[in-house]
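> Going by our numbering, the final residue of the sequence shown carries number 253, and the count climbs one at a time with no gaps.
Cβ coordinates follow ideal geometry from the N, Cα and C atoms, glycine included.
Predicted model, so just to flag it, every value in this text is computed and none were measured.
Sharing a structure here in structure tokens format.
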Amino acid sequence: MDFNFSAADEAFRAELRAWLEKHRQYAVPATDTLADEGEGDWEARIRWHKKLYEGGWMGIHWPREYGGRGATILQNVIYQEELERAGVAMPFTGFGISLLGPTLIHWGTEEQKRRHLPKILAGDEFWCQGYSEPNAGSDLASLQTRAVEMGDYFVVNGSKIWTSAAHHADWIFLLVRTDPDAPKHKGISYLLVDMKTPGITVRPLVQMTGARGFTRCSSRMCGCRAPTWSARRTRDGRWRSPR
Ligand SMILES: Cc1cc2nc3c(=O)[nH]c(=O)nc-3n(C[C@H](O)[C@H](O)[C@H](O)COP(=O)(O)OP(=O)(O)OC[C@H]3O[C@@H](n4cnc5c(N)ncnc54)[C@H](O)[C@@H]3O)c2cc1C
């Protein structure tokens, strides 16, 4: 593999550097990370997200047909280098750009893509990730949150923890157990759930130090209903839509 930057890579770098010079006053500082406990700067993060989007610098790893730049791995490296050089950060606005978007691009139905991808990219819809549970962290296959299919919706019951930005998020992508009789690494499904769904409550996570960091929350689903159109299942070990 050739690790040298091509002429196209250098042009990419120059374009980004010039853009950052011009717009860095809108940026959140490089100290703003996922681990940051800072609360109250969500609006500033969204403003920066939208500014990057307007400039064509949000979701650069997404394919062009979905609004990204189709950036190569090396261009992603350059992107990080130039942000670092400018002393600014990619704003953490949940997991839409990094996780949910690419998952939908690969596995989503056309309806899911049309409905969510443009809003995620533009900074008009924010997502949190509901994988970890109080007794399912590194060993995610221990997860207990149950989803029972009832015709055209699932009823979800369980608890999630470490759900970063849950109190800001519009939607959550959840891993849930849909087949309790399957071996524990199977029978798990992936649901897209609107955070306004009745039955979802979000609480700040109180840490050992007593800090009530709002950037990580615990969320509880009591009988909340998710429509089946939002499911991607792993039955038979394969992701697919129920329809
Ligand atoms: C800042 C932050 C943000 C997060 N945001 C989210 C989020 O938005 N959504 C989400 O779903 N999760 C989130 N997480 C959770 C995270 O991704 C991990 O799933 C979780 O931290 C690991 O679970 P645990 O804390 O229960 O640790 P455990 O799983 O209990 O692990 C504790 C320690 O034991 C070790 N260990 C565990 N099992 C084994 C084993 N079988 N053999 C050897 N060693 C083992 C681990 O390596 C680790 O050192 C976040 C975590 C942090 C710190």
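Does the beta-carbon of Glu-94 have 16 or more other beta-carbons within 10 angstroms, so that it is buried, or is it exposed?
What you label residue 94 is simply residue 84 of the sequence shown in a count that begins at 1. Answer is exposed; the Cβ neighbour count stays below 16.
> Distance, Cα to Cα, Pro-193 vs Ala-99?
Residue mapping note: residue 193 aligns to position 183 of the sequence shown, counting from 1. Residue mapping note: residue 99 aligns to position 89 of the sequence shown, counting from 1. Taking the straight line joining both Cα atoms gives about 41 Å.
> When you compare each of Met-231, Ala-40, His-126 and Ala-24 to Gly-77 by their alpha carbons, which one comes out closest?
In the sequence shown, the residue the question calls residue 77 occupies position 67. For Gly-77, the nearest C-alpha among the options comes from His-126.
> Taking the CB atoms as reference points, tell me whether Val-203 and Cys-232 lie closer together than 9 Å.
Numbered from 1 along the sequence shown, position 193 holds the residue referred to as residue 203. Numbered from 1 along the sequence shown, position 222 holds the residue referred to as residue 232. Not in contact: Val-203 and Cys-232 (Cβ atoms no closer than 9 Å).
> Can you list, in chain order, the residues of its chain with a C-beta nearer than 6 Å to that of Glu-135? Leave out the 5 residues immediately preceding and following it.
The sequence position of residue 135 within the sequence shown is 125, counting from 1. Hits under 6 Å: Lys-129 and Asp-180.
> Taking 8 Å as the cut-off, is the C-beta of Lys-194 nearer than that to any heavy atom in ligand 1?
As a first step, residue 194 must be located in the sequence shown, where it is residue number 184. Flag unset: Cβ of Lys-194 not near ligand 1.
> In angstroms with no decimal places, state the Cα-to-Cα distance between Arg-187 and Leu-110.
The count along the sequence shown starts at 1 and reaches residue 187 at position 177. The count along the sequence shown starts at 1 and reaches residue 110 at position 100. Those two C-alpha atoms are separated by around 19 Å.
> Answer yes if the segment 58-76 comes into contact with the segment 141-150, meaning at least three C-beta pairs across the two stretches below 8 Å, and no otherwise.
no
> Within the same chain, show all residues whose beta-carbon is closer than 8 Å to that of Thr-211, passing over the 5 residues directly before and after it, in chain order.
To locate residue 211, count along the sequence shown from 1; it is residue 201. Closer than 8 Å at the Cβ level, and outside the excluded window around Thr-211, lie Ser-229, Arg-230 and Cys-232.
> For Leu-110, report the span of its beta strand (DSSP E) as first-last.
Translated into positions along the sequence shown, residue 110 becomes position 100. Note, Leu-110: premise wrong, no beta strand (DSSP E); not H, not E.
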